[in-house]
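Here is the structure we will look at.
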């Protein structure tokens, strides 16, 4: 399964990507929302992991654009952030996010489980 | 060729990411200090405020993942402080900016110590000072 990780944080981008590769996923990355949308359109990943707080275009705006684009609107998006307030989760889901993971409690098994789960529903 | 398929030597053990954490943290801290210098010259510079907020946010998350709780807490307090100023669009006073700079210097020292000797530096007093500043900035 092909995953696109969109996150401006170099550490977390590599941290999550390497662990996903170890679990057998094919992974591409993008540094911000602008690059992320371009890559999503180009490579059509199976699932997108999207950070919320990013420069140039934050995750909320990226989520909106992904859901409006014919090429990407069917791709499930899991929001990654250290934000854990209910209103941010609600906002992300309203904008089309399929699920939400708090970076502070990152656990690769949970991430894999959620990826498999959203992919089944899509 | 998918880049991350070719990484060798990293695995899911958190300790194996220490080198990556140290490198990316040192880069972020350098950027924060550069933006503090910008704010010293122009206290209302919103791009610098946004950049520090973002870098502190990322530093908080990475430190938390690696188990460096006190560094994560200081980064969280810096993030919160700048979040307040983003909302209020005020200028940051020189004494407050100096306190932030001191806190960043403490993190720099702490990361340096982790790099050289793998020992934690006690940042409790720095956390207390910064916590007071953040609470004050909310009022």
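Chains as they are written, first to last, in the working numbering: chain C, 1 to 122; chain S, 1001 to 1139. Here a beta-carbon is modelled for each residue, glycine too, at the ideal position from N, C-alpha and C.
According to DSSP, what are the bridge partners of residue i?
i, result
"residue 30(C)", "6(C)"
"residue 81(C)", "102(C)"
"residue 1134(S)", "DSSP, once it has assigned bridges, lists no residue as partnering residue 1134(S)."
"residue 1102(S)", "Residue 1102(S) is not bridged to any residue."
"residue 51(C)", "80(C)"
Would residue i and residue j be called neighbours here (beta carbons separated by less than 8 Å)?
i, j, result
"residue 96(C)", "residue 52(C)", "no"
"residue 1126(S)", "residue 1106(S)", "yes"
"residue 32(C)", "residue 8(C)", "yes"
"residue 46(C)", "residue 78(C)", "no"
"residue 15(C)", "residue 1076(S)", "no"
"residue 50(C)", "residue 6(C)", "yes"
"residue 60(C)", "residue 91(C)", "yes"
"residue 1039(S)", "residue 1133(S)", "no"
"residue 55(C)", "residue 1054(S)", "yes"
"residue 128(C)", "residue 23(C)", "Limits of chain C in this structure are 1 at one end and 122 at the other, which puts residue 128(C) out of reach."
Counting only beta-carbon separations shorter than 8 Å, does residue i have a partner in chain C?
i, result
"residue 1056(S)", "no"
"residue 1048(S)", "no"
"residue 1011(S)", "A caution first: residue 1011(S) carries a pLDDT of 47, below 50, which makes its placement in the model unreliable, though a value can still be read off. It does; some Cβ of chain C falls within 8 Å."
"residue 1065(S)", "yes"
"residue 1020(S)", "yes"
"residue 1068(S)", "no"
"residue 1075(S)", "no"
"residue 1061(S)", "yes"
"residue 1080(S)", "no"
"residue 1024(S)", "yes"
Taking CB distances under 8 Å as the criterion, tell me whether residue i reaches chain S.
i, result
"residue 107(C)", "no"
"residue 10(C)", "yes"
"residue 14(C)", "yes"
"residue 87(C)", "no"
"residue 76(C)", "no"
"residue 55(C)", "yes"
"residue 103(C)", "yes"
Throw me the rounded Cβ distance for the residue i and residue j pair, which I believe falls under 8 Å.
i, j, result
"residue 1085(S)", "residue 1111(S)", "At roughly 25 Å, the Cβ-Cβ gap does not stay under 8 Å, so residue 1085(S) and residue 1111(S) are not in contact."
"residue 1074(S)", "residue 1103(S)", "5 Å"
"residue 1108(S)", "residue 1029(S)", "5 Å"
"residue 1092(S)", "residue 1043(S)", "5 Å"
"residue 43(C)", "residue 72(C)", "Actually they are not in contact, since the Cβ atoms of residue 43(C) and residue 72(C) sit about 10 Å apart, beyond 8 Å."
"residue 1081(S)", "residue 1137(S)", "6 Å"
"residue 25(C)", "residue 3(C)", "5 Å"
"residue 57(C)", "residue 34(C)", "5 Å"
"residue 37(C)", "residue 66(C)", "6 Å"
"residue 119(C)", "residue 1(C)", "7 Å"
Three CB pairs or more closer than 8 Å across the stretch 1028-1039 of chain S and the stretch 90-108 of chain C
The stretch 1028-1039 of chain S, when compared against the stretch 90-108 of chain C, does not touch it at the 8 Å Cβ threshold.
contact_flag[the stretch 1018-1026 of chain S, the stretch 1051-1066 of chain S] where n(CB pairs < 8 Å) is 3 or more
Yes, the stretch 1018-1026 of chain S touches the stretch 1051-1066 of chain S.
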